[in-house]
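Working notes, beginning with the structure itself.
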Amino acid sequence: MYVLIVFLPLAAALIAGFFGRQLGDRGAQVVTSGAVLTSALLSWVALFQVAFGHAPVTITLFDWVVSGDFAASWAIRVDALTAVMLVVVNTVSSLVHVYSIGYMSHDKAKGRFMAYLSLFTFAMLMLVTADNLLQLYFGWEGVGLASYLLIGFWYHKASANAAAIKAFVVNRVGDFGFALGVVGIFYIFGSIEFDQIFAAAPEQVGKSFVFMGMEVDVLTTLCLLLFLGAMGKSAQLFLHTWLPDAMEGPTPVSALIHAATMVTAGVFMVARLSPLFEYAPDALTVVTVVGGSTAFFAATVGLVQNDIKRVIAYSTCSQLGYMFFAAGVSAYPVAIFHLFTHAFFKALLFLCAGSVIHAVSDEQDMRRMGGLWKHIKATYVLMWIGSLALAGIWPFAGYFSKDMVLEAAYAAGTTVGSYAFWLGIAAAIMTAFYSWRLLFMTFHGAPRASKEVMDHVHESPKVMLIPLYVLALGSICAGFIFAPYMVGHHYQEFWGNSILVLEEHVAMAEAHDVAAWVKFLPLVAGVVGILIAFQLYIRRPEMPAELARTHQALYQFLLNKWYFDELYDWIFVRPATWLGRVLWKGGDGRIIDGLGPDGIAMTVVRVAARAKQIQTGYIYHYAFAILIGIAAFVTLFFYGVD
């Protein structure tokens, strides 16, 4: 069963990719969707067997790499943490596959698209079932490759190609740190097998080694290098710039990347390596600060975005920040629980956005929408469900997970925990605000689209709506059903040995006993954000424009995403372009080619041109040249020889 869960999507990707023409578009859709749906159903069986049945399993398929003392097997490790991730990845991916049958119905490359989706799913499954760091790195780079293919799927668009390259390059920065961390772990521990590393981790506490000419703490340095990789994959502050541009891909891609696969890889990795991070408190401090800062930053940018998908994209970035600062205060189960619930309502929001875009003739600017709720009532209701869950309103899933994240941060009792808590509260207000800003701008008010567009507004077909109904069910029920097991008082029984939390890290233990105001504040923050959005976009719709004019500098600062892209362009892109041009024109062109083959060739051409000039065709010119030659020869013979 576990082998089928992992390899069914790969088989489907290969069949659809290599035999798509023989299968046809419908055949490719059936093969890929059927395979991933089967994998999803088996994943739920695995969750009850492994997590609720307390029966983790590791299946070694074969020895993968053996070189001297280095050995890595290809194995499938399924414990409670993996089982939860299998459910998240395969459930969302299967629904995205089915949804894509309707959404991509007019595309000319349906088979290729479905093959890419299944390949993406397989890469993520390899990552979450890894039993060693090399296998995890394989899946890590696999999702990077698949994201490049999917973001740039519409390769005829220059913006899609640029976005795909940007995602790939920015992730290379993080992956370089991650690769150094993997190499460093092998250098220190002599192994990349998880069990051996985790068993030896306590022995490295307090030890140091030389890294980049400095004497540094072993575990802190290794964990920070690994976290650098997580910052890239999960789009944390400073390495987040690729995430909003990833919206250039088809909407199902956005749902899959942002809800279940690539961006959750970093959170999973930190939880998987909790036996390392627990002994590196300074690294956990960095994780907390980065997570809290990202949650706040992304929420501020989401306040003013006008592209419906970009608003949800920055929401993803912000929610990932919540997950990381939960992990940073050693509340790894809470981080994974929020990842679990977030997958349902974020996939729902993205696919609802796709339904809206589908209805308004591929328009994504909310300023050209409005008044849609009467035309697409099912999508409208489903968008409300996703937004209520995102805002953390009871009894929706986000209420249980996001509130628990904030309670854990407060219960940690540390300075960085308080920092993350208050930034998280501020982000909660902004999250509710921009969620209802999206709802009001898209569905309420007078229509701002052209009459031609409004005449063609229509509800999505059932093949697109059925996945939304399933995700809506998860957005409503996933919180109160799974909270007692994943983050309740007996959470250790559910997670078993898949996650380590040391006794001195009290966030998980004391999160349930925080003051009542801490428990209710996130809910109040969500309600406040909704009321502000109602005031600005329903009761006083002229106010947003007035505020933008009054606070023009702040508005432009947020609209331009804190100018990170411009800053990076000035610091990195322009100097690199200048250096590349100098090396190209000066080094390669003038020196290497000038003195090498091009130079020799041009010299021959110039000599031949000069020689051609003495070929006049007149006999007396040739006779004169012969006479001069004989005179020179005779002179050399008589006076040049001793």
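One rule links them: number in the numbering used here = place in the sequence shown (from 1) + 1. Yeah, the Cβ is synthetic: ideal placement off N, Cα and C, and Gly gets one too. Computed from a predicted structure; not experimentally measured.
Which of helix, strand or coil does DSSP assign to W65? strand
Which listed residue (V502, F558, H445, Y538) has its alpha carbon closest to that of V271: V502
Count the other CB atoms, across all protein chains shown, that sit within 10 Å of the CB of L474; report buried if there are 16 or more and exposed otherwise. exposed
For the 8 angstroms Cβ check, are there 3 or more pairs between the segment 250 to 262 and the segment 293 to 304? no
Compute the distance between the beta-carbons of I152 and A165, then report whether it is under 7 angstroms. yes
Could you check what DSSP says for I77 in three-state terms: helix, strand or coil? DSSP places I77 in strand when its eight states are reduced to three.
Smallest Cα separation from G372: which of I615, I539, N172? Comparing Cα-Cα distances from G372 to each of I615, I539, N172, the minimum goes to I539.
Does F338 come out as helix, strand or coil in the three-state DSSP assignment? The three-state reading of DSSP puts F338 in helix, counting H, G and I together.
Can you tell me the Cα-Cα spacing of I477 and T342, whole angstroms? 9 angstroms
For M465, report the span of its alpha helix (DSSP H) as first-last. 463 to 487
Span of the alpha helix (DSSP H) around D246: 243 to 246
In angstroms, rounded to a whole number, what distance separates the CA positions of V357 and A379? 11 angstroms
Could you check whether A284 and T242 sit closer than 7 angstroms to each other, using their CB atoms as the reference points? no
Please report the Cβ distance between Q98 and L118, rounded to the nearest whole angstrom; I am assuming they are in contact, meaning their Cβ atoms lie under 8 angstroms. Note that residue 98 is His in the sequence shown, not Gln. Between L118 and H98 the Cβ distance is about 6 angstroms, and since that is below 8 angstroms, they are a contact.
With F495 as the anchor, note down where its alpha helix (DSSP H) starts and where it stops. 492 to 496
Quick check: the segment 98 to 117 against the segment 14 to 34, are at least 3 beta-carbon pairs closer than 8 angstroms? As far as the Cβ criterion goes, the segment 14 to 34 touches the segment 98 to 117, which means the pair count is three or higher.
Mind checking whether G112 and A124 have CB atoms under 7 angstroms apart? no
For the 8 angstroms Cβ check, are there 3 or more pairs between the segment 230 to 245 and the segment 158 to 177? Short answer: they touch.
To the nearest angstrom, report how far apart Q136 and W75 are at their CA atoms. 7 angstroms
Within the segment 296 to 360, ranges of the alpha helix (DSSP H) (whole runs, at least 4 residues): 309 to 329, 333 to 360
In chain order, which continuous runs of the alpha helix (DSSP H) of length 4 or greater are located wholly inside the segment 374 to 411? Taken in chain order, the unbroken stretches of alpha helix (DSSP H) that lie wholly in the segment 374 to 411 and span 4 residues or more are 378 to 392.
Could you pull out every residue in the same chain whose Cβ sits closer than 7 angstroms to the Cβ of H457, ignoring the five residues on either side in sequence? S362
Quick one: what does DSSP say F71 is sitting in, helix, strand or coil? Note: F71 maps to strand in three-state DSSP.
From A12, S44, A47, Q50, residue whose alpha carbon lies closest to that of V32: Of A12, S44, A47, Q50, the residue nearest in Cα terms is A12.
What's the gap between the Cα of A29 and the Cα of A266? 27 angstroms
Compute the Euclidean distance between the alpha carbons of F338 and A427, then round it to the nearest angstrom. 21 angstroms
Distance, Cα to Cα, L349 vs L304? 20 angstroms
What's the call for Y640, buried or exposed, on a 16-neighbour Cβ count within 10 Å? exposed
Rounded to the nearest angstrom, how far is the Cβ of P251 from that of M487, given a contact under 8 angstroms? The Cβ separation is near 32 angstroms, so there is no contact.
Suppose the cutoff is 6 angstroms on Cβ atoms and the five residues either side in sequence are ignored; what does the same chain contact list for G329 look like? These residues qualify, in order along the chain: L285, V288, T289, G292.
How many angstroms separate the CA atom of T61 from the CA atom of I77? 6 angstroms
Check for me: the alpha helix (DSSP H) holding V525 runs from which residue to which? 517 to 535
Name the residue from R369, D404, L407, F351 whose alpha carbon lies nearest to the alpha carbon of L383. F351
Option nearest L466 by Cα separation, candidates G355, D594, V219, L229: G355
Whole angstroms is fine: what's the gap from V1's alpha carbon to T432's? The question about residue 1 has no answer, for the chain in this structure spans 2 to 643.
Check whether the segment 44 to 61 touches the segment 146 to 161, taking contact to mean three or more Cβ pairs, one atom from each stretch, closer than 8 angstroms. no
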